[in-house]
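Engineer:
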Amino acid sequence: MFQIRIHGRGGQGVVTAAEILAVAAFLDGKYAQAFPNFGSERMGAPVMSFCRIDDKIIRLREPVMEPDALIIQDPTLLHQVDLFSGVRRSGTILINSSRTVEELGIGDLLSRLPHSDLRTVPASEIALEFTGRPLANAALIGGLAAATRQVGSEAVSQAIRRKFPGKIGEANAAAAEATYRVIASGEPWTAKEGSHAGTT
Amino acid sequence: MLEQLEGSQAVAAAVARCRPEVISCYPITPQTHIVENLSSRVRRGEIGSCQFINAESEFGALSILIGASAAGARTYTATGSQGLLFMAEAVYNASGLGLPIVMTIGNRAIGAPINIWNDHSDSMSMRDAGWIQLFAETNQEAVDLHIQAFRLAEELTCPVMVCMDGFILTHAIEPVDIPDQESVDGFLPPYDPVQVLDPEDPVTIGAMVGPEAFAEVRYLAHHKQLRALERIPQLSAEFREQFGRTSGGLSDAYRTDDADTIVVALGSVNGTIRDAVDELRDKGIKVGSLKLGSYRPFPVAQVRAVLHPSKRAIVVEKDLALGKGGIVSSDVKMALRGLPTIVQTVIAGLGGRSITKDSLIRMIGEARAGHLDEPHFLDLNWTAIHQELDRQRRERRSGPTPEHLLRVVNAVNAKLP
Amino acid sequence: MTDRQRIKFYQTGTFTVGNRLLGEEERTVQSRMERTNSLNSGHRACQGCGEALGARYAVDAAMRASGHRLIAVNATGCLEVFSTPYPESSWKIPWLHSVFGNAPAVATGVAAALRAKGRTDVKVLAQGGDGGTVDIGFGCLSGMFERNDDVLYVCYDNEAYMNTGVQRSGSTPPSARTMTTPAVGDHPGNPIGTGKNVPRIAMAHGLAYVATASVADLRDLEAKVTKAMGISGSRYIHIHVPCPLGWAHDPALTIKVARLAVESGLFPLFEAEFGKITGRSFIRRKVPVDRYLELQGRFKHLFGDRADRAALASIQSIADAHIAEYGLGEEETSGGNSGGT
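Protein chains in written order, with this note's numbering: chain G, 1 to 200; chain A, 1001 to 1417; chain L, 2001 to 2341.
(1) Using a Cβ cut-off of 8 angstroms (strictly closer), state whether residue 2233 of chain L contacts chain A.
(2) Is residue 1415 of chain A close to chain G, meaning its C-beta is less than 8 angstroms from at least one C-beta of that chain?
(3) When you compare only the Cα positions, how much space is there between residue 2338 of chain L and residue 2295 of chain L?
(4) With DSSP as the reference, please indicate the residues paired to residue 1377 of chain A in a beta bridge.
(5) Quick one: using the 10 Å Cβ neighbour count with 16 as the cut-off for buried, is residue 2070 of chain L buried or exposed?
(6) Identify the contact partners of residue 1271 of chain A in chain G, using a Cβ-Cβ distance below 7 angstroms as the criterion.
(7) So residue 1371 of chain A contacts chain G; which residues on that side make the cut at Cβ distance below 8 angstroms?
(8) What are the boundary residues of the beta strand (DSSP E) that residue 228 of chain G is part of?
(9) Is residue 120 of chain G near residue 175 of chain G, with beta carbons less than 8 angstroms apart?
(10) If contacts are defined as beta-carbon pairs under 8 angstroms, then residue 184 of chain G and residue 146 of chain G qualify, I think. What distance do you get, rounded to the angstrom?
(11) Going straight from the alpha carbon of residue 2051 of chain L to that of residue 2177 of chain L, what length do you get?
(12) Going by DSSP in three states, residue 1265 of chain A sits in which element: helix, strand or coil?
(13) Beta-carbon within less than 6 angstroms of residue 21 of chain G's beta-carbon, same chain only, minus the 5 sequence neighbours each way: which residues are those?
(14) Check whether the Cβ of residue 2056 of chain L lies closer than 8 angstroms to any Cβ atom in chain A.
(15) At the 8 angstroms Cβ level, is residue 1198 of chain A part of the contact set with chain L, yes or no?
(16) How long is the line joining the alpha carbons of residue 2077 of chain L and residue 2128 of chain L, rounded to whole angstroms?
(17) For residue 2141 of chain L, which three-state DSSP category applies?
(18) Using a 10 Å radius around the Cβ and a threshold of 16 neighbouring Cβ atoms, would you call residue 198 of chain G buried or exposed?
(19) Flag this pair as yes or no: are the beta carbons of residue 68 of chain G and residue 91 of chain G separated by less than 8 angstroms?
(20) For the beta strand (DSSP E) containing residue 1260 of chain A, list its first residue and its last residue.
(21) According to DSSP, simplified to helix, strand and coil, what is residue 1215 of chain A?
(22) Using C-beta distances below 7 angstroms, list every residue in its chain close to residue 1359 of chain A, excluding the 5 sequence neighbours before and after it, in chain order.
(23) Does the structure place the segment 2140-2154 of chain L close enough to the segment 1089-1097 of chain A that three or more beta carbon pairs sit under 8 angstroms?
(24) Got a sec: is the Cβ-Cβ distance from residue 1035 of chain A to anything in chain L below 8 angstroms?
(25) Just to check my reading of the structure: residue 1090 of chain A and residue 1062 of chain A have Cβ atoms closer than 8 angstroms, yes? What is that Cβ distance to the nearest angstrom?
(26) Classify residue 2095 of chain L: buried if its beta carbon has 16 or more other beta carbons within 10 angstroms, exposed otherwise.
(27) Anything in chain A within Cβ reach of residue 2069 of chain L, meaning under 8 angstroms, just list it in chain order.
(28) Need the endpoints of the alpha helix (DSSP H) that residue 2041 of chain L sits in, please.
(29) Is the shortest distance between the beta-carbon of residue 2140 of chain L and the beta-carbons of chain A less than 8 angstroms?
(30) Identify each residue in the segment 1008-1035 of chain A for which the Cβ-Cβ distance to at least one residue of chain L is less than 8 angstroms, and report them in chain order.
(31) Report the three-state DSSP secondary structure of residue 1054 of chain A (helix, strand or coil).
(32) So what does DSSP say about residue 207 of chain G, is it helix, strand or coil?
(33) Can you give me the C-alpha to C-alpha distance between residue 2234 of chain L and residue 1142 of chain A, rounded to a whole angstrom?
(34) So, at 8 angstroms on beta carbons, what are the nonlocal neighbours of residue 2254 of chain L in its own chain, with the 5 sequence-adjacent residues on each side left out?
(35) Use the C-beta contact count for residue 80 of chain G: other C-beta atoms within 10 angstroms, 16 or more gives buried, fewer gives exposed.
(36) Between the C-alpha atoms of residue 2163 of chain L and residue 2260 of chain L, what's the straight-line distance to the nearest angstrom?
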């Protein structure tokens, strides 16, 4: 069983991200379970969502305490909240940011958790370029797919299109595919000319 | 068709297939997605001439269904927690009148203190109101139970609550097979009322009944529930035959045959319990689990038959009878009367606190070693309790308890519950 | 020798019940052979009960108007209790009683079921006393109004919770004695300045039809019910029904007491559509409120040596205000019914 935990704030589509991941796993013929952990239901409040993927039926009903993969969709949470709790040694950590790990100033946090696979990816910028909005949730799932190989890129794109109709779905799928390529290739993301390249 | 979707959406799809004629709802977390989905389906004409009424309160919602059901319509609503309490008078009225209303309970704790997360206090508050209470372990079972519920309700002329854990099931996205319309029609015939308001054949429904006949009327309602003890497994079997999977039934035993300890529970926690059972069995520990699918009627015979050979039964329940302890454990004790099986009460999951596999395993170990207090409060923060009790002893005007406790436990949203 | 009661005779052309000299169409439902008598005799109402009278009038009119296709929903209260003493029922129509505070909602449900089944030819009548309508049923009532559910709601207002032993409701008039507003202390009876005007509240919901009626004017009551039955959506009729027990008046005087309430201006008879008054009953001979109040023991403390003169004056000014507001003293050639005596 592979367990993922996603951290973000209310309004950033963290719950949808887990849903897309679960649907993608389903489309790939796996068994998946996704669910949210609401604090108070308001915009901006820290929110977590969870996803489990397995080849057989999942019966467990508890929050993901020891994630194999962690997505941090909003890096402003980094110094406020204990995001890394329980992450497995071999786990993957994906942080939505255009800064590097060093620039984010979380070196001391990470020294306690040596991980082979920790990366930042400017998913908000990628999303902004393809969809016109810096809503990174779908893009990050594309990135996760590349980093963990738990689901395929095609499945992710299909899952996104099911969730978002028409052009929005296409744009988000494109963003997810671009993020997949960035992670898979290890090449840094370069924004196209004329698009916003902000830092988060 | 097999789909990966949210529990609420799956239940709405299943209810739609059951061809309800009047749906009346009032929103309350965590059932809102169900009623929103149904309102869309009705608008799009997917449910024939079904009427969807936005009620002004839960009391209004169920009252509307009482009228509709008495006029011969198949009826549905959903609520939980505070909403279920708000309609309490109507809940008793519906069962007393023998109206086959089906209602989803998105199980949620009852305040004060206000709490939107899962536990079973709401269903428990209405356990003696005369409604059949079925509990779903998974979203697949929730879907299947609704289909069985309409059939059960209409055959027995008794309303049915289908209980599913709020957030844990309602908001969980997992694979669910939604039966197609034809299959559901094959299982669920149109509603044929036993009593109906009809100008061609007038009847008076809801008259006063005095001491001369009230007890008999109540016994007949009790008798319906006793008949349900037979019908529930029969319907589950019929469902399996037609749809090819097991859903519902009075109870389900897992690895209990040679178990010295059996964990008993309602609802979704049974999944986690089975994982714990498997892990312990791998270590040679003889543990099993008994899932209760029907809480009302209470399957006394089945519980007795499964539990009595074992040394110990541990009832893990998401409710607390203040001033007493366990509710479900009392029912289990009653079922085991005269037998030596020890029954232990574990109060867990109140207000949405997670019940983890690790905690269950630890608790089972303590129980088997004879170290478990009775009742046992799983993962209770005793430090916080004692601090708060001290504070209350020291000052008369000690202020609202929850505020202080939240400070003590340093509750911040990002912490895992 | 038996006492004789003096009966006043009126000439041809009046609206006396059973007047055979009236044209067919002008006769009341109650005067017809084929009236349904939907609230059959044998019920357990008190002698002189205004509510039993009002309910028979209203339901028979509704039955005629609907071609005998009517379902009634009743709140808990006097009418429900005295009409269905186990094991008997005096209702000859399909009738449902749920609980005290939900008659409007239950009626909404019946109407919805009929619509789902394509039976819009069958009409729904909801009935409740003032308690079940003005107080405990108010939330459901407002919900029904706001959704414009297809129900005619009739409130039988006897101005207190009579079935439970005469306790004050939101409809209890100023100064009235009830068991929870006793005639003791500096301000005996129901406090002045409290109370809820549900017909006006119904109008504020923009209903297609709202009316007040009284058992003192059978013809007017039947006409209003009949008119309401021809309209779809939510409709509300508020009927004033004296209660000899709770009001402590001679049961032989029920209709007279009701008439005096109308003629004093305390209970104005009017109709409204979509929030605007469209008709009223003019008062031919206005009577001072004393004439009405002095017949009732619940207002006894307003008279005699310890009379609460100020309260009496307040009540008079309320009556005067009604007359002014609804134009009850103005003779007009068009609109509304004429008043009776």
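We put the beta carbon where it would ideally sit given N, CA and C, even for glycine. These figures come from a predicted structure and were not determined experimentally.
Structural biologist: Reading from the atomic positions:
(1) The sequence position of residue 2233 of chain L within the third sequence is 233, counting from 1. With 8 angstroms as the cut-off, residue 2233 of chain L does not count as an interface residue toward chain A.
(2) As a working mapping, residue 1415 of chain A is identified with position 415 in the second sequence. For residue 1415 of chain A, the predicted structure reports a pLDDT of 43, less than 50, and the residue's modelled location is therefore unreliable. The matter cannot be settled from this model.
(3) Position 338 of the third sequence holds residue 2338 of chain L. Position 295 of the third sequence holds residue 2295 of chain L. Since pLDDT at residue 2338 of chain L reaches only 44, below the 50 mark, its modelled position is unreliable, and the value read off the structure follows with that caveat. When the Cα atoms are used, residue 2338 of chain L and residue 2295 of chain L turn out to be separated by approximately 25 angstroms.
(4) Here residue 1377 of chain A is taken as the residue at index 377 of the second sequence, counted from 1. Paired residue(s): A:1347.
(5) Here the question's residue 2070 of chain L lines up with position 70 in the third sequence. With a 10 Å radius around the Cβ and a threshold of 16 neighbouring Cβ atoms, residue 2070 of chain L comes out buried.
(6) Position 271 of the second sequence, counted from the first residue, corresponds to residue 1271 of chain A. Going along chain G in sequence order, the residues near residue 1271 of chain A (Cβ under 7 angstroms) are 59, 60 and 61.
(7) Translated into positions along the second sequence, residue 1371 of chain A becomes position 371. Chain G residues near residue 1371 of chain A: none, gap ~23 angstroms exceeds 8 angstroms.
(8) Because chain G is modelled from 1 through 200, residue 228 of chain G falls outside the range shown and cannot be assessed.
(9) Counting from 1 along the first sequence, the entry for residue 120 of chain G is found at position 120. Counting from 1 along the first sequence, the entry for residue 175 of chain G is found at position 175. With respect to the 8 angstroms criterion, residue 120 of chain G and residue 175 of chain G are not classified as neighbours on the basis of their beta carbons.
(10) Position 184 of the first sequence, counted from the start, is the residue given in the question as residue 184 of chain G. Position 146 of the first sequence, counted from the start, is the residue given in the question as residue 146 of chain G. In this structure, residue 184 of chain G and residue 146 of chain G form a Cβ contact; the two beta carbons are roughly 4 angstroms apart against a cut-off of 8 angstroms.
(11) Here residue 2051 of chain L refers to the residue found at position 51 of the third sequence. Here residue 2177 of chain L refers to the residue found at position 177 of the third sequence. Their Cα atoms are separated by approximately 20 angstroms.
(12) Within the second sequence, residue 1265 of chain A is the residue found at index 265, counting from 1. The answer is strand: DSSP assigns residue 1265 of chain A an E or B state.
(13) To locate residue 21 of chain G, count along the first sequence from 1; it is residue 21. In the same chain as residue 21 of chain G, and ignoring 5 residues on each side of it, the C-beta atoms closer than 6 angstroms to its own belong to 51 and 141, in chain order.
(14) Within the third sequence, numbered from 1, the residue matching residue 2056 of chain L stands at position 56. No, residue 2056 of chain L does not count as interfacial toward chain A.
(15) Within the second sequence, numbered from 1, the residue matching residue 1198 of chain A stands at position 198. It does; some Cβ of chain L falls within 8 angstroms.
(16) Within the third sequence, the letter at position 77 stands for residue 2077 of chain L. Within the third sequence, the letter at position 128 stands for residue 2128 of chain L. A straight line joining the alpha-carbon of residue 2077 of chain L with that of residue 2128 of chain L spans about 7 angstroms.
(17) One-based indexing of the third sequence puts residue 2141 of chain L at position 141. Assigned with DSSP and collapsed to three states, residue 2141 of chain L falls in helix.
(18) For the purposes of this step, residue 198 of chain G is taken as the residue at position 198 of the first sequence. Low confidence applies to residue 198 of chain G: its pLDDT is 42, below 50, so where it sits in the model is not reliable enough to give any reading.
(19) The residue given as residue 68 of chain G occupies position 68 in the first sequence. The residue given as residue 91 of chain G occupies position 91 in the first sequence. Yes. Within cutoff.
(20) Start at 1 with the first residue of the second sequence, and residue 1260 of chain A comes out as number 260. In the DSSP annotation of this structure, residue 1260 of chain A is not part of any beta strand (DSSP E), being labelled neither H nor E.
(21) Your numbering for residue 1215 of chain A matches position 215 in the second sequence. If DSSP states are grouped into helix, strand and coil, residue 1215 of chain A belongs with the helices.
(22) Numbered from its first residue, the second sequence carries residue 1359 of chain A at position 359. Answer for residue 1359 of chain A: 1378 and 1379, listed in chain order.
(23) Taking one beta carbon from each stretch, the segment 1089-1097 of chain A and the segment 2140-2154 of chain L have fewer than 3 pairs nearer than 8 angstroms; the two do not touch.
(24) For the purposes of this step, residue 1035 of chain A is taken as the residue at position 35 of the second sequence. No, residue 1035 of chain A does not count as interfacial toward chain L.
(25) Taking the first residue of the second sequence as position 1, residue 1090 of chain A is located at position 90. Taking the first residue of the second sequence as position 1, residue 1062 of chain A is located at position 62. Contact between residue 1090 of chain A and residue 1062 of chain A is confirmed by a C-beta separation of about 4 angstroms, below the 8 angstroms threshold.
(26) The sequence position of residue 2095 of chain L within the third sequence is 95, counting from 1. If you draw a 10 Å sphere on the C-beta of residue 2095 of chain L, you find 16 or more other C-beta atoms in it, and that means buried.
(27) One-based indexing of the third sequence puts residue 2069 of chain L at position 69. Here the neighbours are 1199.
(28) Looking up residue 2041 of chain L in the third sequence gives position 41. From DSSP, residue 2041 of chain L is part of no alpha helix (DSSP H); its letter is neither H nor E.
(29) Reading the third sequence from its first residue, position 140 is the one you call residue 2140 of chain L. Yes, because at least one Cβ of chain A sits closer than 8 angstroms to the Cβ of residue 2140 of chain L.
(30) Among the residues of the segment 1008-1035 of chain A, those with a Cβ less than 8 angstroms away from any Cβ of chain L are 1021, 1022 and 1024, in the order of the chain.
(31) Position 54 of the second sequence, counted from the start, is the residue given in the question as residue 1054 of chain A. Strand.
(32) Shown here, chain G extends from 1 to 200; a query on residue 207 of chain G therefore has no answer.
(33) Within the third sequence, numbered from 1, the residue matching residue 2234 of chain L stands at position 234. Within the second sequence, numbered from 1, the residue matching residue 1142 of chain A stands at position 142. If you draw a straight line from the Cα of residue 2234 of chain L to the Cα of residue 1142 of chain A, it comes to about 38 angstroms.
(34) Position 254 of the third sequence, counted from the start, is the residue given in the question as residue 2254 of chain L. Here residue 2254 of chain L has 2048, 2049, 2050, 2053, 2215, 2242 and 2244 as same chain residues with Cβ atoms under 8 angstroms from its own Cβ, once five neighbours each way along the sequence are excluded.
(35) Sequence index remark: in the first sequence, residue 80 of chain G carries index 80 (1-based). Of the other Cβ atoms in all chains shown, fewer than 16 fall within 10 Å of the Cβ of residue 80 of chain G; this residue is therefore exposed.
(36) In the third sequence, residue 2163 of chain L corresponds to position 163, counting from 1. In the third sequence, residue 2260 of chain L corresponds to position 260, counting from 1. In a straight line, the C-alpha of residue 2163 of chain L is about 24 angstroms away from that of residue 2260 of chain L.
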